[in-house]
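Numbering (our numbering), first residue to last: 830 to 1230.
Input: a single structure, listed below in structure tokens.
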């Protein structure tokens, strides 16, 4: 079957259009119930099979963290209602995502009530990749994660983080990716994903309702501003709880976790409060290249869920995000006295081996021959990756503008 060409930034796949039309008709005719996107409605669905939802809400968490989540949920739901202009498919996807977030939160609460020792898991000092979306952070992340001395988060751990038996998280993740790929045929060219492959921890901060994943899908400036201005400490306390649980469950707590989320740049003080012994790797790329790529990713996500997307608005959002993150990152790093390495996007393209060698020296790590071979294999596989099609899309869009 021939590949479907992405004709413009706001192209939408045919299955997404058909699904949107079907859901609209089904709700109008009463065939299916309309998703309830109120905090109460979402919570009711998520808590259906929880024995004691009130206890699970506080399991392993302080009252401040529980209250922060409730306030964030209330504010996010209001922004979705008043600002997002979601189409039928967007409403269904928003409902599914937020129900999953609450359901996982309650499941973790139940787990931490019965196994509080998970929250005391001692972690090896992590290696944290910091930088803008599309600045080379994914390449750095995957190279460092290829080192057998390190550990990483897989897609199945990121998006289905509650430990389950019989490989159910792997099965659910495979279904997720198949469905996402069908609805959005260009997703894998923009952000390649596979069930057992290295994945960023974006879903773990989204689990505490950090704005990053939601503002990339929906037009919710009210919630973005609210969350940017609000202290991020509760989000990163939950993040650390999830990381400790994952590391203990997988038996990899003794290996440094290589982590990467572009939104980390907004929240370095809160992140480093949880991981004061971290080693940092900073990625840098030309501003205009970062902006073009970020706008493309965001437009691709929004086009599926909204019929009223505007490229100028998306560009303004990402101009703001890039500036905000650079300002906050610079301020936080002024007082950072831990290990740090700085890598340029172009340097990784021209001589990744020298860049990685210098990175290891900066961080005080030993670069073994085994690690080097694993990284070379990673780069060889990446040379044939679907992400290269996204670069071609961006060049074509630039030439047509």
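Note that beta-carbon positions come from the ideal geometry of N, C-alpha and C, so glycine has one too.
Residue i by DSSP, collapsed to three states: which one?
i            : result
residue 1086 : strand
residue 1109 : strand
residue 834  : coil
residue 1039 : coil
residue 915  : strand
residue 1034 : helix
residue 1028 : coil
residue 1078 : helix
residue 1172 : strand
residue 819  : Here the chain comprises residues numbered 830 to 1230, so residue 819 is not present and cannot be evaluated.
residue 1020 : coil
residue 1188 : helix
residue 1199 : helix
residue 846  : helix
residue 853  : helix
residue 1127 : helix
residue 964  : coil
Looking only at its own chain, which residues have a Cβ that is under 8 Å from the Cβ of residue i, when we skip the five neighbours before and after it?
i           : result
residue 841 : 1132 and 1133
residue 893 : 1063
residue 948 : 889, 941, 1070, 1073 and 1074
For residue i, I'd like the list of residues in its chain whose CB is within less than 6 Å of its CB, leaving aside the five on either flank, ordered along the chain.
i            : result
residue 1108 : 956, 1168 and 1192
residue 1103 : 1065 and 1069
residue 1029 : 1089 and 1090
residue 1025 : 983
Leaving aside the five residues before and after residue i along the sequence, list all residues of the same chain whose C-beta is less than 7 Å from its C-beta, in chain order.
i            : result
residue 1203 : 975, 976 and 977
residue 931  : 871, 872 and 875
residue 933  : 990, 991 and 1036
residue 1216 : Confidence in residue 1216 is poor, its pLDDT being 48 and thus under 50, which makes the residue's placement too unreliable to answer from.
residue 964  : 1112, 1113, 1114, 1119 and 1174
residue 867  : 906
Taking a contact to mean a Cβ-Cβ separation below 8 Å, would you say residue i touches residue j in this structure?
i            : j            : result
residue 1082 : residue 950  : yes
residue 1143 : residue 1119 : no
residue 803  : residue 909  : Nothing in the structure corresponds to residue 803, since the chain is present only between 830 and 1230.
residue 999  : residue 985  : yes
residue 1114 : residue 1174 : yes
residue 843  : residue 954  : no
residue 852  : residue 1138 : no
residue 1094 : residue 1157 : yes
residue 1057 : residue 1153 : yes
residue 1027 : residue 979  : no
residue 864  : residue 920  : yes
residue 1130 : residue 971  : no
residue 916  : residue 1135 : yes
How would you label residue i, buried or exposed, when you count the other beta carbons within 10 angstroms and need 16 or more for buried?
i            : result
residue 830  : The pLDDT assigned to residue 830 is 44, lower than 50, so where the model puts this residue is not dependable, and the model offers no usable value.
residue 967  : buried
residue 1183 : exposed
residue 1275 : Residue 1275 cannot be examined here, being either before or after the span of the chain that is shown, 830 to 1230.
residue 1089 : buried
residue 889  : buried
residue 859  : exposed
residue 940  : buried
residue 878  : exposed
residue 1164 : exposed
residue 1186 : exposed
residue 847  : exposed
residue 837  : exposed
residue 835  : buried
Would a check of beta-carbon distances place residue i closer than 8 Å to chain B?
i            : result
residue 1141 : Absence of chain B from the displayed structure is noted, only one protein chain being present.
Stretch pair the segment 1068-1076 + the segment 1026-1041: three plus CB contacts closer than 8 Å: With the cut-off at 8 Å, the segment 1068-1076 and the segment 1026-1041 touch.
Evaluate contact between the segment 901-919 and the segment 1050-1062, counting only Cβ atoms and requiring at least three cross-stretch pairs below 8 Å. The segment 901-919, when compared against the segment 1050-1062, does touch it at the 8 Å Cβ threshold.
Segment contact flag, the segment 995-1010 with the segment 1138-1155, C-beta cutoff 8 Å, min 3 pairs: The segment 995-1010 makes no contact with the segment 1138-1155, as fewer than three CB pairs between them are under 8 Å.
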